[in-house]
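Per the UniProt record's numbering, the sequence shown runs over residues 1 to 295. Reviewing the structure listed below.
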Amino acid sequence: MRTCLQRFFCPNKPVSSTGVRSTFVYPNGGTYKGYWLRNKNHDWGVKTTAERTASYYAQKKQPEGQLVYNGTWSHNKRQGAGSMVRKRGTDLQTVYNGQWYDDMKCGEGKHFYSDGCVYFGRWLRNRRHGMGIQWYADGSIYLGEWEADFKHGLGVYFYANGNRYEGHFARGLKNGEGVFYHMHTGQIQKGVWENDNAKTSVIQDEPYIRCNDAATPYPIPPIQLKYPNEIMCELFNRYRPFAEKPRRRFNDKVSLEFVHHQRQFASFEERMATPTRLDLYPNAGFVCTCSCKIL
C-alpha cells in the first residue's frame, strides 16, 4: 500500500504542466495565454511582456510599450509563423510579422522600424540576410541582396530625388562596378566605386532619360586629351582589382541559395543606355578616332 501511494504522491517529483492555460502570470509581470508542454510554451500562444516605467525604457534605450507576440512556440522559443506588436495603452503598432526560428527572426518577414523604415525580405538570426527590399523614411528604396544586416551584393538604390544606382554593394556601401543614373541632368555614369566614392568612371549624355525636356545645365565638355582611350583603360585597370577582390566574410555568413534562385530580381542591364565608343578593356582592342584610320 505504501509503495502504491509513493508511486502517485512522490514529494520529490516535479509538477509538469501540459495542455492549455487561459492566463499564466510570470513573477516579473508578463503573461502567457496558450498551450504548454512540460512546463514550456509549446504550439500556439500569446505572450506579453511586463509594463515598465518611462525611465526604464530610457535607460535601456528602447521604445516605450509592451511587446506582444502572437504565434507558434517550440519549447519556450518562438518558432514558426508569428507577429510581434508593440502596445501603448490602446494603441497597437506592428513591429514584425513573419517567420521565426530558435527565438529569432529567420526566413521571410516584414519589419517596421521606429524611424519609419520598412523592410520586407529574408532574415537570418535577427539580421537581414538574402534578397530583400527596404523603404526608407526619406523616400529612398533599396532592392537587392543583404548580408548580416548590410546591403551586400547586387542591388538597386532608388534615391528620393529620382536618381538611382545599379550595381554592387559591400558592407552597406557602393563597392565595385555600377551604373549611376543622373535623371535630372540626363547623364549616365559607369564606373567603379569604393566605399560610396566613384574611383573611376565614364559619363555619357542621354537626353531622353531626363525628367523634363529642358536642356541639361551640365553639358559634358569635349575631350581635350591626346590619348583618352589609353588613359581611361589605365585608370580602370588600376581600380578593377578592388571590384574583383573576394568579399569580406562575416562570422555568420551562410549560403545565399535563395538569392541565386531569384537572380531575375537582380539583373540590372542598361536597357536605355546607348553603347559607348570607349572600350574599357585592352584585350578587346582600342577604338581609334584619328583621321589616318578613317577610310
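Note that CB positions come from ideal geometry on N, CA and C, so glycine has one too.
Which residue marks the beginning of the beta strand (DSSP E) containing residue i, and which one marks its end?
i, result
"residue 55", "Looking at the DSSP string, residue 55 is not in any beta strand (DSSP E); the run it does join, the alpha helix (DSSP H), is 54-60."
"residue 131", "127-135"
"residue 149", "Run containing residue 149: none; DSSP gives neither H nor E here."
"residue 170", "164-170"
"residue 299", "For the chain, the structure presents residues 1 to 295; residue 299 sits outside this window and is missing."
"residue 205", "197-205"
"residue 194", "187-194"
"residue 111", "104-112"
"residue 22", "19-25"
"residue 121", "118-124"
Taking residue i as the reference, give the member of the options with the closest Cα.
i, options, result
"residue 37", "137, 21, 129", "21"
"residue 102", "42, 49, 64, 111", "42"
"residue 45", "19, 64, 73", "73"
"residue 199", "177, 181, 96, 59", "177"
"residue 166", "185, 145, 184", "145"
"residue 128", "181, 143, 116, 137", "143"
"residue 185", "162, 174, 194", "162"
"residue 35", "91, 75, 50, 118", "75"
"residue 124", "112, 117, 88, 98", "98"
"residue 52", "40, 89, 80, 229", "89"
"residue 84", "77, 92, 96", "96"
"residue 181", "81, 206, 114", "206"
"residue 139", "183, 118, 67, 47", "118"
"residue 175", "69, 48, 195, 18", "195"
"residue 91", "111, 64, 78", "64"
"residue 25", "47, 116, 237", "47"
"residue 79", "203, 236, 105, 55", "105"
"residue 147", "130, 70, 61, 188", "130"
Using three-state DSSP, classify residue i as helix, strand or coil.
i, result
"residue 230", "helix"
"residue 161", "coil"
"residue 175", "strand"
"residue 97", "strand"
"residue 237", "helix"
"residue 30", "coil"
"residue 115", "coil"
"residue 139", "coil"
"residue 49", "coil"
"residue 286", "Low per-residue confidence applies at residue 286: pLDDT is 42, beneath 50, and the placement is therefore not dependable enough to give any value."
"residue 184", "coil"
Using a threshold of 7 Å, is the CB atom of residue i nearer than that to any non-hydrogen atom of the ligand SAH?
i, result
"residue 139", "In the structure shown, the ligand SAH is absent, as is every other ligand, since no ligand is present at all."
request  = Run through the stretch 61-92 for me and flag every whole beta strand (DSSP E) of 3 or more residues, listed as ranges in chain order.
outcome  = 66-74, 77-88
query = Does the pairing of the stretch 167-177 with the stretch 149-157 give three or more beta-carbon distances under 8 Å?
reply = yes
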